[in-house]
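Comments concern the structure below.
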Amino acid sequence: MRVELRRQLRRRRTAGGLLGIAAVPVLLAVAFALAGNGGGPGDGDGGGGDPTGLLFSLATSSGPNFALMATAATAPFLLLAVVALFTGDAVSSEASWGSLRYLLTRPVSRRRLLARKFAVGALLSVLAAILVPVSGLLVGTLAYGWSDVQTPLGVLTATQTLWRLGIVVAYLAWSAAWVAAVAFAWSTTTDSSVGAVAGTIVLVIVVQILDAITALGTLRTYLPVHELSAWIGLLAPTPRYGDLTRGIVLQVPYLLGGLGFAVWWFERKDILS
Amino acid sequence: MLRRWWWVLPAAAVVVGGLALLLMTAGAEVVVEPLRVEAGSQDDEVALDAALYLPPGASAEDPRPAVLLGHGFLSDRTAVDGPARSLADAGYVVLTWSSRGFGASGGDVAIAAPGREITDVAALVDLLAARPEVRNDAADDPRVAIAGSSYGGGTALLAATAEPRLDAVVALAAWHSLSSALAPNGVVDPGPGAGAPAAGVVKTAWTGLLFTARATPGLLSGPPGGGAPDAAADPPAGDAGLDRPADDEAATGPGPGDATARPPAGATAPSPCGRFTSEVCDAYLAIATAGTMTPEAAELLEASSPAGELERVTAPTLLVQGQDDTLFDLAQAAANADAIAAAGTPVRQRWVPGGHQQVAFGAGSEEIDQEVRAWLDRWLDAAGAGNPAGASEAGDGSEASASSLVWTDAVTDEVVDAERQQTTGATLRLALTPDGRLTTGPAATDDQGGGSVPAARTIFSPPGGQPAALSTLPGTGGLGDLLPSADIAGQHVAFTTEARDEDLVLFGAPSLGLTLDADGDEARVFVKLSDLAPDGRTRLLQQAVTPVRATSLPAPVTVELPVLAHRLRAGHRLRLTVATTDQAFDNLTEPTIVTVGLDEEAVLTLPTAEVTATSPRATPILIAVAVVLVVLSLLGAGLLSRRRRRDVEPERERTGDQEQEWPHAGTAPARAGADGATPPVALSGLGKRYPDGKVAVDDLTLEVGKGQVMGLLGPNGAGKTSALRMLVGLAHPTTGAVELFGHRVRPGHRVLTRVGALIEGPGFVPELSGRENLELYWRAGGQALEDADLPWALDIAALGAAIDNPVKTYSHGMKQRLAIAQAMLGRPELLVLDEPTDGLDPEQIRAMRRLLVQLGEEGHTIVVSSHLLAEVEQMCTHVAVMQSGRLRAIGPVADLAGTTARVTISTDDGEAARQLLARAVDDGEVTASGDTVVIAGSEAAVADLVELLVADGIRIDAVTPRGSLEDAFLSLTGTETGGDDG
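Taken in order, these protein sequences are the chains called A and B.
Residues in the first sequence are numbered consecutively from 0, following numbering that gives the first Met the number 0.
Residues in the second sequence are numbered consecutively from 0, following numbering that gives the first Met the number 0.
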């Protein structure tokens, strides 16, 4: 397992991906500084509909606020894209280099190989998820100081926010589970890691679009991204868990389905690459 | 072989399922029957355009309940075609009709007048009673419900007050009192001595829209007077909005004389009234010009309103209302519900987010459709539901429909059951202060100490009523958020609360006390409540604007504001705005100065509610279950992989010691080799067929003994690589089996610790160095680095210092050598090498050859595949020849090469040599081509042949020894050599 970790960590794209996502809060800070103190891109709250837009306007009020905003900014897409990158690359990059067949001649079952690769991919994804708020906190505290946090649902103390943020990160990381599973399953079927990663990202976008179409009615509630913004409920003075639990459980079938497919396919596959 | 069946079963299931689905739905069509219904009273006959939707399977033997489905004010029965079909699909007989004055029906619009449109409903019910497909409760009493939205909803309610045969009512976005809906005045108490509240202010935006939309189409599309077979006998049906007041008013004995007096249909003169009756037309013109409700108009509108009649409703009623409906607001529905409930009839209210247009049949809202369907199913379909009036709601056990009020919290998207989840909260009293605040503290005047003249604010009503504030647009409802809050400076005052810490649910009708004064005849202001978000965005609560009109001034009025159902989020503020103009209403044209007095009576009273979230107890349980599931699955995965790891451990001790006896403890060999020990490689009946049909390997059976260097020979495409892939578990054989050291090979089998492989070229992680690649490769097998014998392998690679450079800087030859080194890691007992010398220079090839031979002598078993015959001849002890996936020959090199026994000699005189040798050699044959003589199939020693030729003076240039593998190979694979002539 450590072996696999080393194998992956040394790659340029790993470092690139992690650094990139950690740099996003820095970029945002610069953007806010340049935009002046007018409260940022006010994609405001249309009467109680979308509080994440609100976070943007509150971003400059304190460090933890900034971290919250950075998390909200990266959660819907960027984080998922990075997760797709780390997990979708795992198997198909080995196939494209030709080293997959050698790994498979080792006395290690294919399933175990997959498990290791997925575990490392997942670990890196979690790392990426953690990096965003951490970096956001650092940058935000430097820029805006450390004080109480004003959220769309109330006011929290800074330390309270830290705890909540921890749970939020865990939830967001878990909410990316379906992306990891899909990307991983895709990467077992193809030699081209670009194909797997890009394909998964396109799928993420499509699912997000579908989620926005209200005409789909209750069908939307089964889409894996539907509860993606449920973590906002944690920002209330008394945290609201309702949608959160649904979001947690919602990932399970996709995760199991994706991984199940990957294992089933990979075991039966003739390695020709 | 098993794999093939995977596809068949699911595919078959899908096909069968699809066919079944098709069969089930085929023939299950809704039958639509257009009808023309004669209705109206004796002197006011009307032909209505209707359509009957029959569900599949309905017949006299299987009668169904029926639903009368009305339409809205801006359309006719064709607009509800879709919903009618879906109701019919659900099993109901549906009758849609175009109301008088709409679509292809005759008559004029009297706005659900009791003697006209409502009586028409009775005719429709009669029609249904006569149909055999409709279930009857009693003779001439069908089981029928009436449903409709907006105009249809009001019609439905009014019909329910007049027609006792109706068994259920569904009214969407309906009204209670048309006069108060179209021209409201929020004042409930105009102050002492003022008498009754002043007449209401007309909602000019809505009324204008409804009236003109109805009036204009009437001009263009009259009823098909010419097409109706009984046109001659039915003159009013031919009416198309002509000079109305004269001939229509009498509506009496329209004899044929009158008919001929009318111009034929189509040649109509325009009229501002369209297809409205003259009474309606006059009433509208009156209120449109006055801007306020007139008593005559009020009387007409009240006749068309359910208010006051609802105690006669016995059919269970479902009322659905939009929370942002600006035409008929929530108070209308609430008033209807209260009156019906007071009569003891079951009633249910469902408030949904959205405006007037969003609450309709076929508007696309799934919750409304479900509500309606559930209501109809319950009260129409339930066999033996008996007398609907007085049936207890709780009795039938479905709690969902038992609640009398369910609304949607548009902020949290939560559906709130007002009976179960809601309790009355504290009433907030907020005082209006002169500095524009709404405070819970003491009234503003207390702060002023001196107790002098109470504070007031002045606002101005502009001449002509323009510019007017824009708050709502008819029909946009929930889209009102898009409108900017455009209040005109100087025309309004606003009072705002502080931001709250926690959410607050406002539920009920607020009341406001104000003192109004003006310098004209009347004070007219418009009151709004808005939700102010922290970022400045405002949302008008329920999209409601309440006009307040007082004529006896100064007026200390009490105003009742529209019913609220809104969650004020933490951090949001509430704003009360009093303005002199509003674009949706009639505005004063005289410039007026209005004074809003803020004495201690200036108080806004807000009813609040406590709403409990749905089943909070379930939440921790769900979390626990989810966490447990996740942990369990992780554990399971961990356990699985751990078991595998343990299997690998014992193998480690095996490597590095070639003298070790196989098999090791715990496994029994599947078969014994020729020398009694298990052969390192045993293929039996191995076959590989790719999904595209290509057969790569066909029935391959061979054994490789310990210490042998087996060369796998064959032309390209012979199946060598496929065989080798199957050897190490990369590909799955379709037939047969591979056994290594007696163990049947599966991917990742532990016997692979004793195998090193090089298949189809090198494969490395480009960014890592050569050394790292080897180390990681070895450790990926779960073995310790010390067992790898890395220095020895690196020696073989002979890369020198380059071993620590990234692999992407290597040349192909370097990578090849590294790959060979990788295969040699751990000194495996079995080496499987696919074209190992590819890309190497001759010296390296020679070194490789020597190494392999040496390894073979040390007891390692090696399987090499190549198409370079000379190479194989030099390094291998045994050879297996493959072609087209089949094994052609197998055996020691010497034996195989020796079979052809062909000697080729190049001379300077081929013919002479041939003759000479032909005489000398008695076994085999001698042929010549050009200067080359070929002696085939002879046992004669080469040396003797040469001596013979030299003695005869023939010069010899070259001799190709006997036993050439090349010849053997070529003859085996059936290809001609260059030496033969055709």
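Ideal Cβ placement from N, Cα and C applies to all residues, glycine included.
Bear in mind the structure is a predicted one, so any value in this text is a computation, not a measurement.
Is Glu600 of chain B near the ligand NAD, judged by its Cβ being under 8 Å from some heavy atom? With respect to small molecules bound, the structure shown includes none, and the ligand NAD cannot be examined in it.
For Ala425 of chain B, the nearest candidate out of B:Leu437, B:Glu857 and B:Thr607 (CA to CA): Numbered from its first residue, the second sequence carries residue 425 of chain B at position 426. Ranking B:Leu437, B:Glu857 and B:Thr607 by Cα distance to Ala425 of chain B puts B:Thr607 first.
Start-end ranges of the alpha helix (DSSP H) lying completely within the region 488 to 520 of chain B, minimum 4 residues: Listed in chain order, nothing qualifies, since the region 488 to 520 of chain B has no complete alpha helix (DSSP H) run of 4 or more residues.
Give the DSSP bridge partners of Lys527 of chain B, in chain order. Counting from one through the second sequence, the residue named residue 527 of chain B turns up at place 528. Its beta-bridge partners are B:Val544 and B:Thr576.
If I follow the unbroken alpha helix (DSSP H) through Gly153 of chain B, where does it start and stop? Counted from its first residue, the second sequence places residue 153 of chain B at position 154. Its alpha helix (DSSP H) spans residues Tyr150 to Ala161.
If you count every other CB in all the chains shown that lies within 10 Å of the CB of Leu332 of chain A, and 16 or more means buried, which is it? The structure shown does not extend to residue 332 of chain A, since chain A spans only 0 to 272, so no value can be given for it.
Distance between Tyr809 of chain B and Val25 of chain A (C-alpha atoms, nearest Å): As a working note, residue 25 of chain A is residue 26 in the first sequence. As a working note, residue 809 of chain B is residue 810 in the second sequence. Looking at the two C-alpha atoms, the distance is approximately 39 Å.
Going along chain B, which residues have a C-beta under 7 Å from Ala214 of chain A? In the first sequence, residue 214 of chain A corresponds to position 215, counting from 1. The contacting residues are Gly363.
Span separating the alpha-carbon of Thr545 of chain B from that of Pro433 of chain B: As a working note, residue 545 of chain B is residue 546 in the second sequence. As a working note, residue 433 of chain B is residue 434 in the second sequence. Rounded to the nearest angstrom, the two C-alpha atoms are 21 Å apart.
I'd like to know whether the C-beta of Pro106 of chain A is nearer than 9 Å to at least one C-beta of chain B. By 1-based counting over the first sequence, the position of residue 106 of chain A is 107. Yes - at least one Cβ of chain B is within 9 Å of the one on Pro106 of chain A.
Taking Cβ-Cβ distances shorter than 7 Å, what residues in chain A pair up with Gly424 of chain B? Here the question's residue 424 of chain B lines up with position 425 in the second sequence. Neighbourhood of Gly424 of chain B in chain A, by CB distance below 7 Å: empty, with the nearest CB roughly 17 Å away.
Between which residues of its own chain and Ala797 of chain B is the CB-CB distance below 7 Å, once the five residues before and five after are set aside? Position 798 of the second sequence holds residue 797 of chain B. Same-chain partners within the cutoff: Arg816.
Determine the direct distance from the alpha carbon of Leu208 of chain B to that of Cys272 of chain B, and round the result to whole angstroms. Walking along the second sequence from the start, residue 272 of chain B turns up at place 273. Walking along the second sequence from the start, residue 208 of chain B turns up at place 209. Cα atoms of Cys272 of chain B and Leu208 of chain B: separation of roughly 13 Å, rounded to the nearest angstrom.
For Lys719 of chain B, I'd like the list of residues in its chain whose CB is within less than 7 Å of its CB, leaving aside the five on either flank, ordered along the chain. For the purposes of this step, residue 719 of chain B is taken as residue 720 along the second sequence, with counting starting at 1. Closer than 7 Å at Cβ, skipping near neighbours: Leu711, Gly713, Ser864 and Met881.
Just grab the DSSP bridge partners of Tyr52 of chain B for me. Residue numbering aside, residue 52 of chain B sits at position 53 when the second sequence is read from its first letter. DSSP lists B:Val31 and B:Val93 as partners of Tyr52 of chain B.
Per-residue DSSP class, three states only, for Asp930 of chain B: Translated into positions along the second sequence, residue 930 of chain B becomes position 931. In the structure shown, Asp930 of chain B sits in coil (DSSP, three-state: anything other than H, G, I, E or B).
First and last residue of the uninterrupted alpha helix (DSSP H) at Asp337 of chain B: Within the second sequence, residue 337 of chain B is the residue found at index 338, counting from 1. According to the DSSP assignment, Asp337 of chain B belongs to the alpha helix (DSSP H) that extends over Leu329 to Ala341.
Of the listed residues B:Ala783, B:Glu834 and B:Val405, nearest to Asp416 of chain B (C-alpha basis): Working through the second sequence from its first residue, we reach residue 416 of chain B at position 417. Answer by Cα proximity: B:Val405.
Let me see if you follow: with CB-CB separation under 9 Å, is His731 of chain B close to chain A or not? The residue you call residue 731 of chain B lines up with position 732 of the second sequence. Against chain A, the CB of His731 of chain B has a partner CB under 9 Å away; the residue lies at that interface.
I'd like to know whether the C-beta atoms of Phe494 of chain B and Thr579 of chain B end up nearer to each other than 9 Å. For this step, residue 494 of chain B is matched to residue 495 along the second sequence. For this step, residue 579 of chain B is matched to residue 580 along the second sequence. Taking 9 Å as the Cβ cut-off, Phe494 of chain B and Thr579 of chain B do not qualify as a contacting pair.
Classify Leu218 of chain A: buried if its beta carbon has 16 or more other beta carbons within 10 angstroms, exposed otherwise. The residue labelled residue 218 of chain A in the question sits at position 219 within the first sequence. Exposed, because fewer than 16 other Cβ atoms sit within 10 Å of the Cβ of Leu218 of chain A.
Just by C-beta distance, which residues in the region 163 to 192 of chain A are closer than 9 Å to chain B? Listed by position along the chain: Trp173.
Compare the C-beta of Ala756 of chain B against all C-beta atoms of chain A and say whether one is closer than 9 Å. Numbered from 1 along the second sequence, position 757 holds the residue referred to as residue 756 of chain B. Yes, Ala756 of chain B counts as interfacial toward chain A.
Can you tell me the Cα-Cα spacing of Glu521 of chain B and Val200 of chain B, whole angstroms? For the purposes of this step, residue 521 of chain B is taken as residue 522 along the second sequence, with counting starting at 1. For the purposes of this step, residue 200 of chain B is taken as residue 201 along the second sequence, with counting starting at 1. Roughly 12 Å separates the two Cα atoms.
Hey, how far is the Cα of Ala111 of chain B from the Cα of Phe327 of chain B? What you label residue 111 of chain B is simply residue 112 of the second sequence in a count that begins at 1. What you label residue 327 of chain B is simply residue 328 of the second sequence in a count that begins at 1. Separation of Ala111 of chain B and Phe327 of chain B (C-alpha to C-alpha, rounded to the nearest whole angstrom) is 16 Å.
8 Å Cβ cut-off: residues of chain B touching Trp264 of chain A: Here residue 264 of chain A is taken as the residue at index 265 of the first sequence, counted from 1. The premise fails here: Trp264 of chain A is roughly 11 Å from chain B at the closest Cβ pair, so nothing lies under 8 Å.
Between the beta-carbon of Ala756 of chain B and the beta-carbon of Leu699 of chain B, is there less than 9 Å? Numbered from 1 along the second sequence, position 757 holds the residue referred to as residue 756 of chain B. Numbered from 1 along the second sequence, position 700 holds the residue referred to as residue 699 of chain B. Going by C-beta atoms, Ala756 of chain B is not nearer than 9 Å to Leu699 of chain B.
Using a C-beta cutoff of 9 Å, does Ser56 of chain A count as contacting chain B? Along the first sequence, read from residue 1 onward, the residue named residue 56 of chain A stands at position 57. Ser56 of chain A counts as touching chain B.
Mapping the DSSP letters down to three states, classify Ala891 of chain B as helix, strand or coil. Position 892 of the second sequence holds residue 891 of chain B. The amino acid at residue 891 of chain B is misidentified as Ala; the sequence shows Pro. Assignment of Pro891 of chain B by DSSP, reduced to helix, strand and coil, places it in the strand class.
Are Leu633 of chain B and Arg428 of chain B close, meaning C-beta to C-beta below 9 Å? If you number the second sequence from 1, residue 633 of chain B lands on position 634. If you number the second sequence from 1, residue 428 of chain B lands on position 429. No, they are not a contact pair.
DSSP three-state label for Asp324 of chain B, please. Within the second sequence, numbered from 1, the residue matching residue 324 of chain B stands at position 325. Three-state result, Asp324 of chain B: coil.
Please tell me whether Val558 of chain B and Val186 of chain B are closer than 9 Å, where the distance is taken between their beta carbons. One-based indexing of the second sequence puts residue 558 of chain B at position 559. One-based indexing of the second sequence puts residue 186 of chain B at position 187. Yes, Cβ-Cβ distance for Val558 of chain B and Val186 of chain B is below 9 Å.
Proximity below 9 Å, CB of Leu472 of chain B to CB of Leu605 of chain B: Numbered from 1 along the second sequence, position 473 holds the residue referred to as residue 472 of chain B. Numbered from 1 along the second sequence, position 606 holds the residue referred to as residue 605 of chain B. No, these two residues do not count as a Cβ contact at 9 Å.
What are the partner residues of Glu702 of chain B, as DSSP defines its beta bridges? Position 703 of the second sequence holds residue 702 of chain B. Answer by DSSP bridge pairing, in chain order: B:Ala681.
By the 10 Å Cβ neighbour count, where 16 or more other Cβ atoms means buried, how is Glu132 of chain B classified, buried or exposed? Counted from its first residue, the second sequence places residue 132 of chain B at position 133. That one is buried.
Assuming the contact rule is C-beta atoms closer than 8 Å, Leu112 of chain A and Leu103 of chain A should be a hit. Round their C-beta distance to whole Å, please. The count along the first sequence starts at 1 and reaches residue 112 of chain A at position 113. The count along the first sequence starts at 1 and reaches residue 103 of chain A at position 104. At roughly 7 Å, the Cβ-Cβ gap stays under 8 Å, so Leu112 of chain A and Leu103 of chain A are in contact.
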